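Residue numbers (UniProt numbering), protein chains in the order written: chain A, 1 to 139; chain B, 1 to 139. The structure appears below as structure tokens.
Below is the structure:
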């Protein structure tokens with residue numbers, strides 16, 4: 001079991017496990033925002049993954065992006081591996097709207113995270129978990 | 001042949017063609033920065049691609065990221081599909097350094113593009129083209 005980077009652990013809540021990735025929900029009420037963290041210790045870059053893992057990563061990212069897009073009727077999905085601050089490989093999946101606080105810029109570094117009230121966070125996590133349920137694995 | 005979005009055409013120079021993607025070099029001397037544009041008219045989101053295309057896209061992105069990272073001895077690669085401004089699906093591959101103008105933030109929206117002198121741009125394009133040469137296709 002890969003230990004999650006403490007910053008990822010603090011900044012996001014667990015949604016569930018897909019075969020390769022931990023799926024998390026970012027604690028920023030400004031944007032519907034999921035995170036995928038592949039269970040591959042020590043990997044920092046997508047191009048360090050072997051071909052099979054890369055394919056699973058993009059399939060799982062697409063699954064989460066598609067589900068999140070449907071749930072919130074997103075205008076656009078932003079999918080990105082940045083990792084300048086947290087080294088552990090992680091992929092952001094952010095639902096965007098022309099009315100959101102950063103549009104048309106990407107979300108990173110524009111505004112500080114806006115805390116959720118706990119019920120709203122729980123409802124958001126549950127909505128994504130339900131959408132992914134047929135593909136989630138127990139580990 | 002997919003027509004490139006005019007903004008992509010203006011903001012980047014052609015490097016070559018991989019089986020799925022046009023590879024371009026961004027005209028911003030602040031960062032070594034490539035762009036992949038899949039030859040799939042009308043597609044805006046990675047999750048709209050079929051599974052086979054998705055796999056080729058992440059393989060071609062990883063190939064470009066790995067080549068660019070080696071060429072410039074990057075500290076970190078940023079790989080992202082944003083597309084809030086230009087709808088045509090495109091993937092950014094940006095080599096990052098703790099000394100660059102936006103670090104540790106992502107590059108988008110932080111600084112205006114810094115023009116290249118033509119010789120430097122040509123040399124950058126040639127270096128990536130040479131690194132990708134065995135995989136480039138003529139179309």
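Note that the Cβ used here is the ideal one computed from N, Cα and C, for glycine as well. All values derive from a computational prediction rather than experimental measurement.
Practice item. Would you kindly work out how many angstroms separate the C-alpha atoms of residue 21/A and residue 106/B, rounded to a whole number? Key: 23 Å
Review point. Considering only residues of the same chain and omitting the five flanking positions on each side of residue 111/B, which have a CB-CB separation below 7 Å?
Key: 30, 101, 102
Practice item. State whether the stretch 1-16 of chain B contacts the stretch 126-137 of chain A, with contact taken as three or more CB pairs (one from each stretch) at a distance under 8 Å. Key: no
Exercise for review: Using a Cβ-Cβ cut-off of less than 7 Å, list which residues of the stretch 89-113 of chain B approach chain A; keep chain order.
Suggested key: 96, 103, 104, 105, 106, 108, 109
Point to revise | Cβ pair residue 87/B, residue 44/B closer than 8 Å | key: yes
Check your understanding: Are the Cβ atoms of residue 128/A and residue 25/A separated by less than 8 Å?
Key -> yes
Practice item. Could you give the DSSP three-state label for residue 74/A: helix, strand or coil? Key: coil
Review point. If residue 72/A and residue 41/A are in contact, beta carbons under 8 Å, what's the gap, nearest whole angstrom?
Key: Between residue 41/A and residue 72/A the Cβ distance is about 32 Å, and since that is not below 8 Å, they are no contact.
Practice item. Just the chain B side, please: which residues come within less than 8 Å of residue 135/A by C-beta, in chain order? Key: Under the 8 Å cutoff, chain B gives no residues; its nearest Cβ is about 14 Å from residue 135/A.
Review point. Is the Cβ-Cβ distance between residue 65/A and residue 47/B less than 8 Å?
Key: yes
**Study point:** Cβ pair residue 13/B, residue 23/B closer than 8 Å
**Key:** no
Exercise for review: Would you mind sorting residue 122/A into buried or exposed? The rule is 16 or more other CB atoms within 10 Å of its CB.
Suggested key: exposed
Review point. For a contact meaning CB atoms closer than 8 Å, what does residue 78/B contact in chain A?
Key: 80, 81, 82, 83, 84
Check your understanding: Any idea what DSSP makes of residue 40/A, helix, strand or coil?
Key -> coil
Check your understanding: What are the boundary residues of the alpha helix (DSSP H) that includes residue 10/B?
Key -> 6-11
Practice item. Counting only the same chain and skipping the five closest in sequence on each side, list residues whose C-beta sits under 8 Å from that of residue 98/A. Key: 75, 104
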